[in-house]
Each structure stands twice: as structure tokens, then as C-alpha cells.
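Numbering (this note's numbering), first residue to last: 7 to 95.
In this text, a Cβ means the ideal position worked out from N, Cα and C, and glycines have one as well.
For reference, the structure discussed in these notes is given below.
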């Protein structure tokens, strides 16, 4: 039985959502992110633009996790977090 492109997209999306949920309950990651600087962005639009900005401008590690009311971006470097917040928050 072959899957339609739509079926593959939906399956991939569900796998990505499950993986992100698993990260939120990972004790090691949670402990590490508590040492990072968090920036909450109330809407989740322009995700590719935000990610591209981080890849081009951040001097240290960063991570994002979706939340019910937006997305939280975590930055190891305080200056990265400040610059991101000035642009997006």
C-alpha cells in the first residue's frame, strides 16, 4: 500500500510533534535549559525567519520549544537572547 504525499506529510508532522513533546519532559534537557536565557514569542508565525536569524547571528547555542500560546526560544548567551528579544518579542 502506498502513501499519498499528504499522508506522508501528516505522518512526519505527528512524529515531529511527538518528538518535541518528548523533549519537554526530558529531565536532562529541562535542567540544562534552566541555565539558558528564555525569550517567549507569543505567536509562532515566521518560524523559518526566526530560525534563520538565529543560525546567522547567534554566537552560542540556542533551542526553541513550542508552547500552547507561542514558542519559547532558549539562548545560552545572554546577548543573543537580548538581540533576539529586541527583534522578535
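- [ ] For residue 86, count neighbouring Cβ atoms within 10 angstroms of its own Cβ and tell me buried if that reaches 16, exposed if not.
- [x] buried
Open item on the list: According to DSSP, residue 80 sits in a beta bridge with which residue or residues?
Closed with: 44, 69
Task: For residue 42 and residue 35, the rounded distance between their alpha carbons - done: 11 Å
Task: Inter-residue spacing [alpha-carbon to alpha-carbon] between residue 95 and residue 82 - done: 17 Å
Task: Span of the alpha helix (DSSP H) around residue 52 - done: Residue 52 -> no alpha helix (DSSP H), and no H or E assigned at all.
TODO: Would you grab the beta carbon distance between residue 45 and residue 76 for me? Rounded to a whole angstrom, and I think it's under 8 Å.
DONE: With 8 Å as the limit, residue 45 and residue 76 do not qualify as a contact, their Cβ atoms being about 10 Å apart.
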